[in-house]
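Heads up, the sequence shown is in this note's numbering, so the first residue is 5 and it goes up one at a time.
Glycine is no exception: its CB is placed at the ideal position from the N, C-alpha and C atoms.
Structure, as structure tokens:
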Amino acid sequence: MKKKPCHRCWLLLSVLVMATLARSVSSQLTFTFQQPQRESEYAHHLIRIPGDIVFGGLFPMHEHLVLSDHAATDGASGSGGAAGSSSGGGGLEFPCGAIKEEKGIQRLEAMLYALDLINDDPNILPNITIGAVILDTCSSDTHALDQSMEFVRSYMNKDASEYQCESGEAPRYVPHKPITGVIGASFSTESIMVANILRLFKIPQISYASTSAELSDKSRFEYFSRVVPPDNFQAQALVEMVRQLGWKYVSTVAVEGDYGEKGIASFVTLAESAGICIAVSEKILRRAEDADYDRIIERLSQKSSARGVVMFADEDETRRMLAATMRLNKTGQFLWVGSDSWGAKLHPVRDQEFAAEGAITILPKRSSLAGFDTYFKALRPKTAKVCGSVGGLANHNGGGLAAGAASSAANATGFGENQYYRNAVKGSRIYNCRNPWFRQFWEQHFKCRFNTSASGSAGGTNLPECKGGDKLTYYEQEGLVPFVVDAVYAMAHAVHRMITDVCGPDARELCDELKPAPSGRNLLKYIRNVNFIGPQGQPVRFNKDGDAYGSYSFYQYQRHGGKYDYVRIGDWSASLVLNMSMLAWPNSTRGTIPRSICSEACPNGYIRNFQDQCCWSCVSCREDSYSFNDTCVACAPGYAPNLEHNGCDKIPAEHLTWDSPWAIVPLVFSALGVTATLFTLTVFLRYNSTPVIMASGRELCYLLLTGILMCYLMAIPILAKPNMFTCSVLRVGLGFALCLCYSSILTKTNRISRIFNRGSKAGIKRPSYTSPKSQIVICCGLASVQLGGSLLWLLIERPSTKEVHPQPLTAVLTCGVSNLSLVLSLLYNMLLIILCTFYAFKTRKIPENFNEAKYIGFTMYSTCIVWLAFVAIYFGTYNDYKIQTATLCVCVNISASVALGCLFVPKVYIVLFQPYKNVRTPGSGVQRGGDHHRGLNKFSSSGGVGVAGIVGAATPSHSQQPLASSISHPPATLSSATQSMTSLSRFANPTTPTATTTAAASSLTSSHKAISTISFGSATVAVQANGSDTNQSRSEAERDANNLS
């Protein structure tokens, strides 16, 4: 059977080839470029500390350096050639740049500090020494992969550094101990690269800073663990922070790679579910230059309302982002929210503090290690005097940090290994004899140079010489230093537990089962099960994915008294606890949080009109609607939105009040009308027996005045608050009052029309039903139709009130009938008005001396105009109850005023101011019975009031007999008939016979037929004569006279 190929071997081979290529390129760049010569000298050191058990360490001791084409060319010309690996964007990559003071030096010293504590602790790995192999990743994932090959070299081939020569003897092979576990790396991209190699050789790995969620995939990174929570917890904490700040519109910036891209992806996903919108998402390329950072800042500035910027970027990218804001004069525009890579470090903000003021950063919850602060502040760079000989490494304090030396030899690969594994202590100073990068850190921190002989560095600089005894300033413990210590302790506790279980509880050294190093697969199980309280006082344990449990602290970079510092403002475990009073923002009062929103939240009563996912404009709901879930909900009729516009409240019903101008004007008009009507009625009663009053038809006049008075009084129920009583009075009284007026006028016009428009065949026979009593009966009969209909309507539809809503936010209290029903109830009155107008028009050509017909006609024409205007105004203003009510009231008042003014004012004027026209003519006598001469009462001409030529109307009881006597003897011939009618005319007007009489007489003479029209008060009689019928009996004449009266 054919064997399957070993996939692991192929993968290992590929990795080795890639590592070899990377090493060759790195070495070639080291010897090619002269400019970074000093950096390369330090970059290619490693720390090797022997021990019974060896831990590996990976730290970013230097920045990742990318040289532009121009710089590379200059360097190449100085060395006679150029070689190197090309990078994106036309640049050449050189892995190691400036020293990293916090992420590099502090974290490396934290591991050495933890090893010292553990080796001096009798409770952990007693009598067993932990050694270390610590490498520099230069903040590059490819360089970290290259360096990590040192951890697995013992598994592959022999190394020159494993041969020792003593006293000129032949080289002796002393193999290095295998790496038990690795502490690191720092960046997630580096950890991903290294984890793939360590997994092949089953070497457990515990990171103190890599937080990418991708590393939680145990199918790919089985041997990877970490003492910091993954980014998905961090993203959740950042979202909670942004939400509590009230920011709804933020931008994001992520560094290229798993840490930045995966971290921002988690943040964006959680932010969208929390209602936070992303304005701009930018990515920083690994080899980005200053111009790239400037473009990112410009694009962020385009969304000026998105002031909050969440960054998942390394400290170097963070520093360059802040520098870009300074170059573009954009400082203070953005409110930075940094990930744990920024944390509480000084490096990103050094010399550009004001650009970072107000920034909020996050770190896994930690407690600063006071012991490490004391240790680090006491460190001094090594000197030849102290660290130059083995004898000089004794512990001068007599204890504490033991000093020793280990033999070393230069390795064939060009790596210079450090000879010392313990520092030298002199008094309060600790001379750093084992960290080959500490001198470079000292030079960079104090901006000085050690002399050439001591350090081997190139001279010729303008920097002062380093003294080495300066006190360390501007120091603050880097945020992840405690987690480096926790990672070392977690590995030590796992090894201790494994030795105890395998070798026995009293084991003082490694037993044969664990030599030369404990099994990585078995050690991994112990690592995942550790549970102890670390030096910072926090529990150290892992979940099933090898991740620490999420617990973070938030910091804000604030200015106090001219100094800047990180201030702790809150903590997050399962939820955020934020101390708002600790927040301080640039150019803002304490407690006032700057806003980062695209659009302000719409107030109640408005809905959002989205322009895109994150921005909207507020659109007002209708005045009768409230907003609910971005939807306008209309209130029911009679309800209006409440003050909060989140519900509806009942609208109080409106009605006209007595103090309203719409009520005051009609009331004043009505009061004046009532006064005028009562005054007219008083005059009529006072002068009831005078000729003018009697000639007016007193009975109908009193009925008409009653109707007019009722019309004026109807203003009270029309304008009053609707209730059952006022609604009942309005429904009955309004129609009846108008009907009484127009019934009286119709009766009068009909009587005049019937008298003057009788046909020729009727002769001089008096019309029927023209007596006063008949007129009253007819008038009352016409009015009773309206009254009966109103009462019947009142019984069928009981009076009530109701609310109507002519407008969305208006409720009006009215009577429980529709406007149409109210108008229909007046339909009968409209019929009466039309009939009155018809008869007034029909009698317009009666003799001029009977002028009352003309006033009746004017009254009805005006009434028609008023009511036509009323219908138009009433139904044209349906949405305004005030205008409708006032219009109805004024229309009724005007109708009554027209009738009062046209029909009664002239009579009252004659009675009061022209009394000489309201008397009988002197000299005329009236004989009662016997053989006395019978004559007609003569009156002055009074054509202005319809009594001109009144004959016998003033005193009908006395004038009947003379009139009858005058016409009881008809002339025998046509000429005598003419003379008789002329004489009759003279009785009517002693001054001049009427034109009608003269014309009639002339006509009668010429055509054997004569018609004489004579005005008698309020009645008219036509005396007709023709050739065939020229005589009339006495009894007929008497009846006609009685009718005329």
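Within 9 Å, strictly: CB atoms of residue i and residue j
i	j	result
Gln238	Tyr556	yes
Ala269	Val243	no
Lys886	Ser600	no
Ala815	Ala638	no
Arg501	Tyr479	no
Val186	Ala552	no
Glu703	Gln779	yes
Val314	Val259	no
Gly524	Pro208	yes
Arg735	Val672	no
Cys783	Thr751	yes
Gly261	Arg384	no
Val489	Leu373	yes
Leu149	Ala496	no
Trp576	Ala241	yes
Thr710	Leu744	yes
Ile132	Asp56	yes
Ile759	Pro771	yes
Span separating the alpha-carbon of residue i from that of residue j
i	j	result
Arg572	Gln540	17 Å
Leu326	Ile138	32 Å
Thr889	Thr805	15 Å
Ala118	Arg453	30 Å
Gly538	Ile280	37 Å
Pro522	Thr184	6 Å
Cys868	Phe683	26 Å
Lys386	Lys475	14 Å
Gly1021	Ser748	Bear in mind that a pLDDT of 36 at Gly1021, under 50, signals an unreliable position, so the number given afterwards is only what the model happens to contain. Approximately 17 Å, taken between the alpha carbons.
Pro126	Leu274	47 Å
Cys652	Gln811	16 Å
Met153	Ala199	12 Å
Thr596	Met586	11 Å
Phe205	Val156	7 Å
Ser223	His449	43 Å
Ala360	Asp294	18 Å
Tyr843	Pro721	33 Å
Rounded distance between the beta-carbons of residue j and residue i, thought under 8 Å
i	j	result
Val687	Val912	5 Å
Val4	Ala494	Since the first and last residues shown for the chain are 5 and 1049, residue 4 lies out of range.
Trp441	His49	7 Å
Tyr643	Ser624	Wrong, their Cβ atoms sit about 18 Å apart, outside the cutoff.
Ser220	Asp549	4 Å
Gly101	Pro64	Actually they do not touch by this definition, with Cβ atoms about 11 Å apart.
Environment of residue i [buried if 16+ CB atoms lie within 10 Å]
i	result
Val669	exposed
Ser961	Residue placement at Ser961 is flagged as unreliable, the pLDDT there being 35, under the threshold of 50; the coordinate-derived value follows with that caveat. Its Cβ having fewer than 16 others within 10 Å, Ser961 is exposed.
His564	exposed
Leu289	exposed
Pro726	buried
Gln306	exposed
Glu627	exposed
Tyr227	buried
Leu831	exposed
Leu116	buried
Thr215	buried
Met584	exposed
Met728	exposed
Asn922	buried
Tyr773	exposed
Cys819	buried
Are the stretch 194 to 214 and the stretch 139 to 157 touching, with three or more C-beta to C-beta distances below 8 Å? Short answer: they touch.
With three or more beta-carbon pairs closer than 8 Å as the criterion, would you say the stretch 366 to 376 touches the stretch 541 to 561? In short, these stretches touch, since the Cβ pair count reaches three.
Would the stretch 423 to 439 count as touching the stretch 327 to 345 if we require 3 or more Cβ pairs under 8 Å? In short, these stretches do not touch, since the Cβ pair count stays below three.
Kindly confirm or deny that the stretch 346 to 363 and the stretch 124 to 140 touch, where touching means at least three C-beta pairs closer than 8 Å. The stretch 346 to 363 vs the stretch 124 to 140: no contact.
Flag this pair as touching only if the stretch 356 to 364 and the stretch 318 to 338 have three or more C-beta atom pairs under 8 Å; answer yes or no. A contact exists between the stretch 356 to 364 and the stretch 318 to 338.
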